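**Student:**
In the numbering used here, the protein residues as written are 71 to 153.
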């Protein structure tokens, strides 16, 4: 497991623990995630749905909308029978 993978796993665990509550980037950083915004972006690119939560136009944190990523388009294409 690479450092990036460990950081992603740590962030996912924290967001899963928080449930519906947003987690601030400062809290993620204090929890050992070096660049939480970058890790969130990496996870989104991997298919996780992460919502940025605002209060009066001010970012207060992020939350995981789905605990697992949806199937990727490539995976869906592989499962289709050939015509």
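Note that beta-carbon positions come from the ideal geometry of N, C-alpha and C, so glycine has one too. Computed from a predicted structure; not experimentally measured.
Which residues mark the beginning and the end of the beta strand (DSSP E) in which residue 121 is found?
**Tutor:** Unbroken beta strand (DSSP E) run through residue 121: 120-125.
**Student:** The alpha helix (DSSP H) spanning residue 93 covers which residue range?
**Tutor:** First-last for residue 93: undefined, no H or E at that position.
**Student:** May I have the straight-line CA-CA distance separating residue 136 from residue 118, to the nearest angstrom?
**Tutor:** The straight-line gap from Cα to Cα measures roughly 7 angstroms.
**Student:** Please report the straight-line C-alpha distance between residue 146 and residue 139, rounded to a whole angstrom.
**Tutor:** The predicted position of residue 146 is uncertain, since its pLDDT is 46 and thus under 50; a value taken from the coordinates is nonetheless stated next. Taking the straight line from one Cα to the other gives about 13 angstroms.
**Student:** With DSSP run on the structure shown, which of helix, strand or coil describes residue 135?
**Tutor:** Residue 135: coil per DSSP, three-state reduction.
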